[in-house]
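Just so we're aligned, residue 1 is where the sequence shown starts under the numbering used here, counting upward by one.
Note sheet for the following structure.
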Amino acid sequence: MVKIMEIKQPREGKEGKTYWHKLGVKFVFDDGKESIKLDSLPLPNEKGEVWMNLFEPRPRDEAGATGTWDKPEDKTDDTASKDFDDEIPF
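So, in structure tokens, the structure goes:
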């Protein structure tokens, strides 16, 4: 199982309030290896510093995300070679 953490950066919004911009995700694998995937680049603050924080993902609904992910198994199931009963002409 893989643990997933959200990477967020604090940004100052209207009226001096802080909001958290999601930059990407961090994966922590069972074997101790870690990977980071950024969807956007962090911006430096007025001091030229870049601060990022890690958060557990919030569930999207009652049965939603738990912050973990089961790595899919490598399968040799070739669905491209199967015949399908549909009307799609390509």
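Where a beta carbon is used, it is the ideal one built from N, C-alpha and C, also for glycine.
Note that the structure is a prediction, hence the values are computed from the model and not measured.
Assigned exposure category for residue i - 16 Cβ within 10 Å defines buried
| i | result |
| --- | --- |
| Thr18 | exposed |
| Ile88 | exposed |
Where residue i sits in the DSSP three-state scheme
| i | result |
| --- | --- |
| Gly24 | strand |
| Glu15 | helix |
| Ile88 | coil |
Separation of residue j from residue i, as counted between CA atoms
| i | j | result |
| --- | --- | --- |
| Gly48 | Phe29 | 32 Å |
| Leu23 | Pro42 | 7 Å |
| Asn45 | Glu6 | 20 Å |
| Val2 | Trp51 | 24 Å |
Identity of the residues DSSP links to residue i by a beta bridge
| i | result |
| --- | --- |
| Lys8 | Lys22, Asn53 |
| Ile37 | Just to set this straight, residue 37 is Lys in the shown sequence, not Ile. Lys37 is bridged to Val25. |
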